[in-house]
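Protein chains in written order, with this note's numbering: chain L, 21 to 255; chain C, 11 to 712.
In this text, a Cβ means the ideal position worked out from N, Cα and C, and glycines have one as well.
Take a look at the structure below.
Encoded structure:
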C-alpha cells in the first residue's frame, strides 16, 4: 500500500472527524487518563500520522531517556506499516525521521519558560519548521493557569498544534466516568480539545470520549478507541 | 594454579576527560610503583607515567594502551590503560579482548556520556565483568546518585551503590562503605593520602542504612544464598562480598564505587574492590578456534602444564625496539621456547621476555597462564595467535570496522619518503583500523582511518618518531555508490578479428538488495545464477561472478565501491572456441557498467552519530551549527546546566568541527562522533562531487 492510501484509511481520519476536522493550529489538545492506560502510544500515534502526512513534529518528553521515546516511534511505525503492508517501509521510516526531533528535559522542576525558549531556539536556530508539538507527561494538573496561557500564546504565535498527554500527579484525585480527573477542571476554558481515556472492561477497549471540542462541552463518544494490545487508535 | 587466584587483568575504560589516566597514575602510586604523582597536564613537564608517548602528553589524551603490572595486598594486577577518544576505539576493543574485568570510569558531573555507552557496548560484546567508579566527586555539580541512576536507565545495568559519599564537591571527605558499614577517610599518613577507617558519622547513618538495604535488595536478586541469609537476618560481610563477586562475574551486577582520583580519595577502596569483585583468569572461560578442525571451538584451560596458547594484542615501537604485548591464555611461555604463529604459519624462538611498567621494564624468565608480558623483536601483526607448534589454534578474530576517511600524504623529500615508508609499515601493523596504500591512478600515498583526529595523530607521530615530514592533502570521505532500481542487461563481448578470439554474451539484471534489518549491515554484493539449458556453460558461471566483483569495486560515478547490489544472470551465449574465462569476466564487467547507468545510481556517504555537550546557553548555536552542516537533530536533552544534542551529520561536513564548536561555545562544548550508517547524498551535492571527480580524472590523464 502507498502512503497516500494508508493515510486515507487511517483511523486518525475518524478521530479528526469526531473533533470536527482535527485540532487545528494555534490550539491546545489534551489526552487525559490514569497512569498506564496508553496515552504515550496514543500520542506517538498522533505524531506518526502527522509525520506520514509530511508534517514536522517536536516530541517533548520529561523522562530522562531519549531511547525510550525513539523506541516508541519505532514500535508504533512498525504496527502502522505492518498492519497495512506499507510499501518500502524502511525508507519511508528513514524519511519521516528527519521531520521529528525529540526534546528531552531531565530536570525535575523545569519551568515552562525554559521549555518554550528551548523550543523556540530549535525552531529558529535549528531551522526546524514544526507543525505540531507533543508534550508527553507534562504535569499539566499542577501547572498554573499562567503556564497554560503561555503555552497557548506560544502555539498561536508559532502557528502550530499542541497536544498534551496528562496523568494526574496526586493520588487522591477523583475521575469522572470518562476518565477525566477533577484537577483538570480549572483549565478547561484554556483548552480547545479535551479527550478522556478510560478502560472499559465489557468492551475490552480503552474508550475515548471528547469531553470538550471546538463546539464547547459536548461529551460525545469518539468513533475510535484504543486497541488494548497495540495501544494504538483504532476504529 | 594457586597463584592465579591472586592475579587480575583489568582495564580502565571511560569517556575522554573523565580522568582515567589520573586514576591509573594513582593506582601506580598506591601500589608503590611510582614515588611521586604527576598530573596528566602537568606543570612539571614530566607528565603522568602511563602516557609514555610524547604526543599524548602534549594533548592530554591517552592514545596507546600501555600494560603495567602492580601488586596490591599480595594480588598482582595488570592494568591496561585504554584511550577514551572514540577515534581510537579499536585500541579499546583490543584491550578488552585480553581483560578479565574492567573498571568503567564515569565523571560525577558528566555522567554516562556517548563514549561510556560505546565502551559499555564493547564490554558487553566481549563479556567483560565490570565495576563502575564515579570519579571527580570533588567537582562542582557532582552527583553520584544521578550517575548511578543513569547507569541503570541509559546502560540498562544492574548498578548497585557499594558506597555513599561523605560530603560532596569541595567538601568531599571520604566514603561510607556499605558492605562493612564503616566510614573511610583518606587523610592519614605524612602525605595526608592514606586510608583511615572510622565510624559512620551520625548524620549519615540513616542514609547509609537505607542505601545498604538497597544494596542487599539488589544483590540478593542474584543470590539465593544471600536471600536466605537475609530472611534469617544473618548477613555476614563475607557472604555479602562473595555474593557480589559471583553476581559481578556472571555480569548480573555492577558494583558502583566513587571518589576522586585527583584528590586521592577512594583509590584504595577501588583496588580492594578490584581484588574482591573482579574475576581472576580461572573465573573466565576463554575459547579458541581449532584451524585444523574447521574452526571448531576449543575451551582453553588456565593450566601451566598444557601447551601454550598466546595472543599478541598490541605492538609498540618504543625506545627499546619492537615490543609485542602478549597475553598467555593457556600453558606458559619461557625464554628460548619455540612458538608458532598461526596466521603467518611461521615458527620463531622467544628471545627476551619482559614485563612493562609504562616506560620502564623488568626481565622475566617465564610468563604463566593469565599473565600479560611483552616479547622483543617478534615479526607479527597485532591480533596474531602464537601457540605450541603442535597446535593450530586461533583466538577468535576481533571485529575491525572499515575506515571512513582518507587523506593523501606526500613526503617533502627523499629522506622523508624513506622514513614515511617505515612509519606506515609500523602503524598499519599496530592498528588494524589504520590503512595505507598507493593510489595507482594518482600515484599518491593514501592513509585511511576512523576520523580526522585519528589520522592527525599518525601524521604527528610520523613527524616526531620517524622524522618523516609530510604534506597533507584535504581529507576525503569514503563514499559508496549504490543503485536504486532494477535494470536489465544483455551484453555481448566480441573480439573475433583473426587469431584466437574472445566471445561471451550474458543477460540478466541487477537490482538493489533490500534494506537491512535494524542493526545489520547492508550486504555488499550478491550473485544469483539463473541460467537454464546451458546457455552459459557451468565452467563460466564463476567467471561472471568474478567479473561483477571487479565491477563493484569501482563505481562509475566517483570511483568508489558499489554496495547493496544483486546481480542475476539468466541467459547468455558462448562460442566453442572463442569463449574463455577472461571473455566472460570482461562481458560481466561490461554488462554491469551498462546496467549501472540505467539503474539510477546514487552516491552514499557516511553519516556520523554526533553527540554535542555544551552549556544550555549555547543550545541555539549548537542547533545552528548542526543545521548548517546538513545535520539532522535527533534529540536534545537538557539536564541541569548542560544540554546534550544528538544528531546525524554527514562526515564530509564535520571536518574542522572541533575548532568551530570551541569558538561557538567559548571552549565549553565538546563532541564525540562515530559512524552511524551510510546515507544518500542529496542531488545538489552529488552533482558537485561528480563534477570534481571528472575534473580530477581529466587532470590525471593529461
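{"Check": "Residue 636 of chain C to residue 695 of chain C span [Cα, whole Å]", "Outcome": "17 Å"}
{"Check": "Residues, ordered as in the chain, of the region 615-630 of chain C that lie near chain L by beta-carbon distance below 7 Å", "Outcome": "629 and 630"}
{"Check": "Three-state secondary structure assigned by DSSP to residue 12 of chain C", "Outcome": "With a pLDDT of 44 at residue 12 of chain C, under the threshold of 50, the predicted position of this residue should be treated as unreliable, though the coordinate-derived value follows. Residue 12 of chain C falls in the helix class under three-state DSSP."}
{"Check": "The beta strand (DSSP E) enclosing residue 183 of chain L, as first and last residue numbers", "Outcome": "181-186"}
{"Check": "Selected residue, minimal CA-CA separation from residue 82 of chain C, among C:120, C:685, C:41 and C:89", "Outcome": "C:41"}
{"Check": "DSSP bridge partner residues for residue 383 of chain C (one or two, in chain order)", "Outcome": "C:336"}
{"Check": "9 Å Cβ cutoff, residue 745 of chain C in contact with chain L", "Outcome": "In the structure as shown, chain C starts at 11 and stops at 712, and residue 745 of chain C therefore has no counterpart that could be examined."}
{"Check": "N-terminal and C-terminal residue of the alpha helix (DSSP H) that residue 35 of chain L is part of", "Outcome": "31-38"}
{"Check": "Residue 117 of chain C - DSSP class collapsed to helix/strand/coil", "Outcome": "strand"}
{"Check": "Helix, strand or coil at residue 82 of chain C [DSSP, three-state]", "Outcome": "strand"}
{"Check": "Endpoints, beta strand (DSSP E) assigned at residue 180 of chain C", "Outcome": "Per DSSP, residue 180 of chain C belongs to no beta strand (DSSP E) and is neither H nor E."}
{"Check": "Where residue 241 of chain L falls: helix, strand or coil (DSSP)", "Outcome": "strand"}
{"Check": "Beta bridge counterpart(s) of residue 228 of chain L as assigned by DSSP", "Outcome": "L:217"}
{"Check": "Inter-residue spacing [alpha-carbon to alpha-carbon] between residue 22 of chain L and residue 45 of chain L", "Outcome": "27 Å"}
{"Check": "Simplified DSSP assignment, three categories, for residue 413 of chain C", "Outcome": "coil"}
{"Check": "Chain C contacts made by the region 143-170 of chain L, where a contact means CB separation under 9 Å", "Outcome": "144, 145, 146, 147 and 148"}
{"Check": "C-beta neighbour in chain L for residue 151 of chain C, strict 9 Å", "Outcome": "no"}
{"Check": "Through-space distance from residue 569 of chain C to residue 24 of chain C, alpha-carbon basis", "Outcome": "39 Å"}
{"Check": "Three-pair Cβ contact test at 8 Å for the region 168-186 of chain L versus the region 88-95 of chain L", "Outcome": "no"}
{"Check": "Integer-rounded CB distance, given that residue 518 of chain C should sit under 8 Å from residue 429 of chain C", "Outcome": "Not a contact, Cβ separation roughly 51 Å."}
{"Check": "Alpha-carbon to alpha-carbon, residue 325 of chain C and residue 72 of chain C", "Outcome": "Any answer about residue 72 of chain C is weak, because its pLDDT of 47 lies below 50 and its placement is not dependable; what the coordinates show is given next. Taking the straight line from one Cα to the other gives about 16 Å."}
{"Check": "Cross-chain neighbours of residue 35 of chain L in chain C, by beta carbon under 8 Å", "Outcome": "What residue 35 of chain L touches in chain C: nothing, since even the nearest Cβ is about 27 Å away."}
{"Check": "Within chain L, partners of residue 633 of chain C - CB distance below 9 Å", "Outcome": "141, 142, 144, 145, 146, 147 and 148"}
{"Check": "Residue 587 of chain C classed as buried or exposed, judged by whether at least 16 other C-beta atoms fall within 10 angstroms", "Outcome": "exposed"}
{"Check": "C-beta neighbour in chain C for residue 123 of chain L, strict 9 Å", "Outcome": "yes"}
{"Check": "Residue interval of the beta strand (DSSP E) (run including residue 65 of chain L)", "Outcome": "Careful: residue 65 of chain L lies outside any beta strand (DSSP E), inside the alpha helix (DSSP H) at 59-72."}
{"Check": "9 Å Cβ cutoff, residue 692 of chain C in contact with chain L", "Outcome": "no"}
{"Check": "Span of the alpha helix (DSSP H) around residue 277 of chain C", "Outcome": "277-287"}
{"Check": "Chain C contacts made by the region 87-109 of chain L, where a contact means CB separation under 7 Å", "Outcome": "none"}
{"Check": "From L:215, L:175, L:241 and L:187, residue whose alpha carbon lies closest to that of residue 203 of chain L", "Outcome": "L:187"}
{"Check": "Cβ pair count under 8 Å reaching 3, the region 138-156 of chain C against the region 256-266 of chain C", "Outcome": "yes"}
{"Check": "Chain L contact residues for residue 656 of chain C, given Cβ-Cβ distances below 8 Å", "Outcome": "86"}
{"Check": "Nearest-angstrom Cβ-Cβ length linking residue 152 of chain C and residue 179 of chain C, presumed shorter than 8 Å", "Outcome": "5 Å"}
{"Check": "Per-residue DSSP class, three states only, for residue 155 of chain L", "Outcome": "strand"}
{"Check": "Limits of the unbroken alpha helix (DSSP H) element including residue 271 of chain C", "Outcome": "No alpha helix (DSSP H) contains residue 271 of chain C, which DSSP labels as neither H nor E."}
{"Check": "Length of the line joining the Cα atoms of residue 100 of chain L and residue 123 of chain C", "Outcome": "33 Å"}
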